[in-house]
Structures are given as structure tokens and as C-alpha cells.
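Note that numbering that gives the first Met the number 0 has the sequence shown beginning at 0, numbered continuously upward. By construction, the Cβ of each residue, glycine as well, lies at the ideal position given by its N, Cα and C atoms. Here the structure is a predicted model, which means the values were calculated and not measured. Notes follow the structure.
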Amino acid sequence: MNGIRILTSASLAALVTLGLFWAMTRLIEVPADEAPPPPPLRPLDRVNVRVDTPATSKARTKRPERRAVHETPEPVLRPEGSTSDPYEFVRFDASEAGQDESGRSHAPRLFRADGEAVPLVRVPPHYPERALARGLEGRVLVEFTIGRTGDVTHAHVVAFEPSPIFNDAALEAVRQWRYSPRVVDGEPVEQPGQRVSIPFRREDAAKRDAG
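And the structure:
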């Protein structure tokens, strides 16, 4: 009886051992239908990314071209000789030269610092034929002295435009002007440094010719 029990126990133990071994192998075994592992990641190719800085963006911006503005400069009186002394230019209206309604000739008003000398005779200048034929216009700034007797002395051109073509006509006219001289303490005195701007306009010449 004892031999049968021992044999039975040994058989059971062997079966249990085999069952445990089989179970362990099943746990370790990889299933055949399991998905294969993913392939290793491939490193990305190097890509150069260009980033515009504010400086480069500004350089790329096309600036609008500035159109040159051609402005006609105002005519400037050219000084006569080498004098560099500043002078005051006297401007006149077109009505200040030529003839008035009565037909009496009159010249541009005189710039007087004191305002005491009174003009009596002011002959308008003769328009040069060469300038009239060429369609030229201009003006001449003349400086002179009013003498004690009211005559004009030391007349000379200070400045002119656009050329000296009108200078002689301006001087010839001014030398014929006459004034009531300045009186100080009952005595007439000279007034040097008198300046007048004489305009030469074709319309004024046409008015004088028509009159």
C-alpha cells in the first residue's frame, strides 16, 4: 500500500512540475501575430530658414523716387562794379511809371529816408530800341545826390537786371529830374544816398508811344 501511495504522489508531483514549466514557457513566448516594432526615426534633413531682420526688410522696400522740382529762381539785381555794400530795393507798381490821366509824365516815386525833398520834375526813361526789339524787360537801381539847388548829381548805377542794356537810359532820365531841396535852419542842404528803382516794361513803353 505504501508503495502505491508513493508512486501516486511522485506522479502527481511530476505532472504539477510539468504544468508549471509549460505555463512559464507560454508566458515568455512572443505571440506570432504581434505587430513588428516601428522602424527607427530618420533624422530630418537640415533646412535653412531665412528670417528677414528689420534692416533687410527696410532695404528691400523700394523707396519712391523723388522727382526734381524745377523752380524758377527770382531775378536778382546784379551789382554794378565791385561794390559789396547792401542796398535797399524799392518796388513800384506798374501805374507808377508812364503818364497820368492828364497826360503829364511822371517817374517812379523816390525812396527818401528823411522825406523832406519834394520831387518837381521826373522825366520817364526812354525805352532802348535794342531792348524793345528783343522783347527784353528789366529794372535799374540808381543812387544819386539831390543838390542844394534841387538838381541831381553823382548819379550812378548800383544794380541792374537782366543786363546793363537799360543802364544808360536810366541814368539819362534821372539826371533830368529836379527837386525842391531839403531845408535845414532855413538853408538848403544836399541829400546824398538817394536810391530809386526804375522799371522798364514794354507795356509802359507802349502807353507812352500811344500818348
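According to DSSP, residue i sits in a beta bridge with which residue or residues?
i: residue 152; result: 144
i: residue 175; result: DSSP lists no partner for residue 175.
i: residue 160; result: 138
i: residue 199; result: 137
i: residue 187; result: 182
i: residue 120; result: 177
To the nearest angstrom, report how far apart residue i and residue j are at their CA atoms.
i: residue 180; j: residue 141; result: 19 Å
i: residue 152; j: residue 138; result: 20 Å
i: residue 183; j: residue 146; result: 13 Å
i: residue 144; j: residue 191; result: 4 Å
i: residue 4; j: residue 10; result: 10 Å
i: residue 23; j: residue 2; result: 32 Å
i: residue 103; j: residue 204; result: Confidence at residue 103 is low in this model, with a pLDDT of 44, below 50, so the placement of that residue should be treated as unreliable; the coordinate-derived value is given next. The alpha-carbon atoms of residue 103 and residue 204 are separated by roughly 15 Å.
i: residue 18; j: residue 6; result: 18 Å
i: residue 163; j: residue 149; result: 28 Å
i: residue 14; j: residue 8; result: 10 Å
i: residue 117; j: residue 206; result: 26 Å
i: residue 173; j: residue 131; result: 20 Å
Quick one: using the 10 Å Cβ neighbour count with 16 as the cut-off for buried, is residue i buried or exposed?
i: residue 176; result: buried
i: residue 199; result: buried
i: residue 156; result: buried
Looking only at its own chain, which residues have a Cβ that is under 7 Å from the Cβ of residue i, when we skip the five neighbours before and after it?
i: residue 128; result: none
i: residue 16; result: none
Excluding the 5 residues preceding and the 5 following residue i in the sequence, name in chain order all residues of the same chain whose CB lies nearer than 6 Å to its CB.
i: residue 169; result: 124, 139, 141, 197
Just to confirm my understanding: we take residue i, look at its own chain, exclude 5 residues before and 5 after, and list those with CB closer than 8 Å. What are they?
i: residue 111; result: Note that residue 111 scores a pLDDT of 40, beneath 50, so its modelled location is shaky and nothing firm can be said.
i: residue 83; result: Per-residue confidence for residue 83 stands at a pLDDT of 37, beneath the threshold of 50, marking its modelled position as unreliable; the derived number appears in the next sentence. Closer than 8 Å at Cβ, skipping near neighbours: no residue.
i: residue 217; result: Missing from the structure shown is residue 217; the chain here goes from 0 to 210 and no further.
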